[in-house]
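Below is one structure; the comments refer to it alone.
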Amino acid sequence: MKTDLVIFDLDGTLLNTIGDLAKACEVVLQRRQLPQHTFEEYCSFVGNGIMRLVERALPEELRTPEFVAEVRRDFVEYYTAHIDTLTRPYEGITELLGELSRRGIRVAVASNKFQAGTEKLVGLFFPDTEFAAVLGQREGVALKPDPQIVDDILSLTGVERDKVLYVGDSGVDMQTARAAGVRSVGVSWGFRSREELVENHADHIADHPAEILDRL
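Note that numbering that gives the first Met the number 0 gives residue 165 to position 166 of the sequence shown, counting from 1, and the numbers run on in steps of one.
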């Protein structure tokens, strides 16, 4: 099966962002003298957008819409200013993107991270890669696993669904691929477990970026 476009999730797939996400949460929680969380907890908090990350980090009794929105504003301000302090591409990702380009296969990003943050990270860490589309969380567009973000990328690129491969690290990503009617590869190096990928019907699982080339 010929692949013309590979759509990548960002956090936990292309970039290890958990350190900066956790630090931003720690800062906004410390300002309010609220309890902190472990690395493992932050790995389970991410994947559904910044609003849900903040909501999950807050004590249950404080999860009012108004308070969550207030903390999210502080989070976004701090995170945007420190977005690349600890974040790095996963080993082999830069080489994978280069090889896809060499083969003439287009690439795109579909993330639940807010649009400005998504664009900033892609620009900082992959300046030599030409992306067909870089889409994050946008006002009025449902978050993954809603397939709208994939549909938007297909509209922008004109690629048919049967020539698309979607790559992500979470159950949300695998659900997104299924809802969009495209093939999926779950990656085991991200924030979620292999078991979660299997349970959410990943078509394939890759343990290293180079293995994705075998699924094109």
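By construction, the Cβ of each residue, glycine as well, lies at the ideal position given by its N, Cα and C atoms.
Within the DSSP bridge table, the entry for asparagine 199 names no partner.
Collapsing the DSSP output to three states places glycine 170 in a helix. When DSSP assignments are scanned along the stretch 27 to 115, the uninterrupted stretches of alpha helix (DSSP H) that are 4 or more residues long and fall wholly within it turn out to be 38 to 44, 49 to 56, 64 to 80, 92 to 101. In its chain, beyond the 5 residues on either side, Tyr41 have a beta carbon closer than 6 angstroms to the beta carbon of alanine 21. Excluding residues up to 5 positions away in sequence, Gly46, Lys143, Pro144 lie with their Cβ nearer than 6 angstroms to the Cβ of valine 171 in the same chain. With fewer than 16 other Cβ atoms inside 10 Å of its own Cβ, arginine 102 counts as exposed. For serine 154, the uninterrupted alpha helix (DSSP H) segment begins and ends at 147 to 156.
Closest in C-alpha terms to proline 58, from the list Pro34, Val70, His81, comes Pro34. As computed with DSSP, serine 183 is found in a beta bridge with Tyr165.
Judged by their CB atoms, isoleucine 204 and arginine 193 are nearer to each other than the 8 angstroms cut-off. In its chain, beyond the 5 residues on either side, Ile49, Val75, Gly135, Gln136 have a beta carbon closer than 7 angstroms to the beta carbon of phenylalanine 113. If you draw a 10 Å sphere on the C-beta of phenylalanine 38, you find fewer than 16 other C-beta atoms in it, and that means exposed. If you draw a straight line from the Cα of glutamate 98 to the Cα of leucine 153, it is about 22 angstroms long. Look at alanine 178 here: in three-state DSSP terms it is helix.
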